[in-house]
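Letter by letter, the sequence shown follows residues 19 to 279 of the numbering used here. Beta carbons: idealized from backbone N, C-alpha and C, even for Gly. Quick caveat: nothing in here was measured; it's all calculated off a predicted structure. For reference, the structure discussed in these notes is given below.
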Amino acid sequence: MMKIWRRGIHQFPNLNARSVPKELIEKGQQRVIDASLTLIRERAKLKGELVRALGGAAASSSLLGVPLGHNSSFLQGPAFAPPRIREAIWCGSTNATTEVGKELNDPRVLTDVGDIPVQEIRDCGVEDDRLMKIIGESVKLVMEEAPLRPLVLGGDHSISFPVVRAVSEKLGGPVDILHLDAHPDIYHCFEGNKYSHASSFARIMEGGYARRLLQVGIRSITSEGREQGKKYGVEQYEMRSFSKDQHFLQNLVLLHLHLPH
């Protein structure tokens, strides 16, 4: 499958080498990008209208899939995750009632605006700088349709950067983040890739998109990870000291955000 995904991507350098006009390629890329954003915009608009028509919802979580895996330094499986997550939600092995009595099949609780067509965009030769902006714009489109709140399905951890950046920009300031992970993902530029799945929080912190970052559950951290954490004032809680930190973490209060309706 990865060979199929990358075949189109590899064709574009060859096209450029054959003197295909750059303007022609760029116009085609922009059409694909515009169509991709239109798809998310219209689906979010439809779901927002549905929830508003039903009434009684202050917020509705809305699934937004980002099937991206090429920034993983090892396995590429995260690109296949969004449909598998949906399959698990709706597999029928159990009912749709949550622990607090909410019904997931009620659109006032959970909606779905689909996936960003990441591979189709990349197959047009769109590089990661633009792709990260497209992901962020898609998140913003969902946020614009009150009362929808994007619940993003990855995708490797590189998508954390454009998602957090979009939320921060939309809300008008940095946000508090509780990051549950075995790794801090804060390398400056892992293996030379600034968008590596292992560098997402370096991009978030250097961009000023997080007011406070708490990383809980860390069990594999290098000297660079610790140095980067100190540089950006990250609060890192490792598994080896979890029993000591547990009381604090259980009573943790983060910034309360009030989103516009």
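(message) If we require 4 or more residues per run, which alpha helix (DSSP H) segments fall completely within the segment 61-143?
(response) For the segment 61-143, the continuous alpha helix (DSSP H) assignments of 4+ residues that do not extend past its boundaries occur at 99-107, 136-140, in sequence order.
(message) Measuring only the C-alpha atoms, how far is ASP174 from PRO96?
(response) Here residue 174 is taken as the residue at index 156 of the sequence shown, counted from 1. Here residue 96 is taken as the residue at index 78 of the sequence shown, counted from 1. Their Cα atoms are separated by approximately 5 Å.
(message) Please state whether the Cβ-Cβ distance between LEU82 and SER186 is less than 8 Å.
(response) On the sequence shown, position 64 is the one that residue 82 refers to. On the sequence shown, position 168 is the one that residue 186 refers to. For LEU82 and SER186, no; Cβs fall outside 8 Å.
(request) Quick one: grab the DSSP three-state call for GLN264. (result) Translated into the one-based positions of the sequence shown, residue 264 becomes position 246. In this structure, DSSP gives GLN264 a helical state, which the three-state scheme calls helix.
(message) Are the CB atoms of ALA228 and ILE222 within a distance shorter than 8 Å?
(response) Numbered from its first residue, the sequence shown carries residue 222 at position 204. Numbered from its first residue, the sequence shown carries residue 228 at position 210. A contact, by the Cβ cut-off of 8 Å.
(request) Just the C-alpha distance for SER54 and ARG140, rounded to the nearest angstrom, thanks. (result) Position 36 of the sequence shown holds residue 54. Position 122 of the sequence shown holds residue 140. Whole-angstrom Cα-Cα distance: 12 Å.
(request) Give the secondary structure of VAL193 by DSSP, where H, G and I count as helix, E and B as strand, and everything else as coil. (result) Here residue 193 refers to the residue found at position 175 when the sequence shown is read from its first residue. In this structure, VAL193 counts as strand in the three-state DSSP scheme.
(message) Closest to SER90 by C-alpha separation, out of SER176, GLN246, GLY247, LEU122, would be which residue?
(response) Position 72 of the sequence shown, counted from the first residue, corresponds to residue 90. Minimum Cα distance to SER90 is reached at SER176.
(request) Go ahead and pull the three-state DSSP assignment for HIS276. (result) Translated into positions along the sequence shown, residue 276 becomes position 258. Unreliable positioning characterises HIS276 in this predicted model, as indicated by a pLDDT of 49, which lies under 50. The coordinate reading is nonetheless provided below. In the structure shown, the three-state DSSP call for HIS276 is coil.
(request) Kindly identify the DSSP beta-bridge partner or partners of GLY154. (result) Along the sequence shown, one-based indexing puts residue 154 at 136. According to DSSP, GLY154 bridges with nothing at all.
(request) Report the rounded CA-to-CA distance for ILE195 versus ILE204, giving the unit in angstroms. (result) The count along the sequence shown starts at 1 and reaches residue 195 at position 177. The count along the sequence shown starts at 1 and reaches residue 204 at position 186. C-alpha of ILE195 to C-alpha of ILE204: approximately 14 Å in a straight line.
(request) Less than 8 Å between the CB atoms is what I'm expecting for PRO202 and PHE219, so what's the real figure, rounded? (result) Taking the sequence shown and counting its residues from 1, the one referred to as residue 202 is at position 184. Taking the sequence shown and counting its residues from 1, the one referred to as residue 219 is at position 201. The Cβ separation is near 7 Å, so the contact holds.
(request) Determine the contact status of ILE80 and ASP133, defining contact as a CB-CB distance below 8 Å. (result) On the sequence shown, residue 80 is found 62 positions in, with the first residue counted as 1. On the sequence shown, residue 133 is found 115 positions in, with the first residue counted as 1. Checking the displayed sequence, the identity of residue 80 turns out to be Ser instead of Ile. Here SER80 is not near ASP133, since their CB atoms are 8 Å or more apart.
(request) Can you tell me the Cβ-Cβ gap for LEU232 and TYR250, rounded? I've got them flagged as a contact below 8 Å. (result) Numbered from its first residue, the sequence shown carries residue 232 at position 214. Numbered from its first residue, the sequence shown carries residue 250 at position 232. At roughly 12 Å, the Cβ-Cβ gap does not stay under 8 Å, so LEU232 and TYR250 are not in contact.
(request) Indicate whether the contact test is met: 3 or more Cβ pairs, each with one atom in the segment 93-112 and one in the segment 54-71, closer than 8 Å. (result) Cβ pair count under 8 Å is below three, so no.
(message) Which of the three DSSP states is assigned to MET19 in this structure?
(response) For the purposes of this step, residue 19 is identified with residue 1 of the sequence shown, where counting begins at 1. Here MET19 scores only 46 on pLDDT, less than 50, and its place in the model is too uncertain to base an answer on.
(message) Within 10 Å of its beta-carbon, does HIS197 have 16 or more other beta-carbons around it, so buried, or fewer, so exposed?
(response) The residue given as residue 197 occupies position 179 in the sequence shown. The residue is buried, with at least 16 neighbouring Cβ atoms inside 10 Å.
(request) May I have the straight-line CA-CA distance separating ILE152 from ILE51, to the nearest angstrom? (result) For the purposes of this step, residue 152 is identified with residue 134 of the sequence shown, where counting begins at 1. For the purposes of this step, residue 51 is identified with residue 33 of the sequence shown, where counting begins at 1. Answer to the nearest angstrom: the Cα atoms are 8 Å apart.
(message) Using only CA atoms, which one of ASN269, GLN94, LEU189 lies nearest to ARG167?
(response) Within the sequence shown, numbered from 1, the residue matching residue 167 stands at position 149. Residue LEU189 holds the alpha-carbon nearest to the alpha-carbon of ARG167 among ASN269, GLN94, LEU189.
(message) Tell me the rounded alpha-carbon separation between THR115 and VAL69.
(response) Within the sequence shown, the letter at position 97 stands for residue 115. Within the sequence shown, the letter at position 51 stands for residue 69. Straight-line measurement puts the Cα of VAL69 at about 19 Å from the Cα of THR115.
(request) Measure the C-alpha to C-alpha separation of LYS65 and ASP124 and round it to an integer number of angstroms. (result) Here residue 65 corresponds to residue number 47 of the sequence shown, with the count starting at 1. Here residue 124 corresponds to residue number 106 of the sequence shown, with the count starting at 1. Annotation: LYS65 to ASP124 spans about 12 Å, alpha carbon to alpha carbon.
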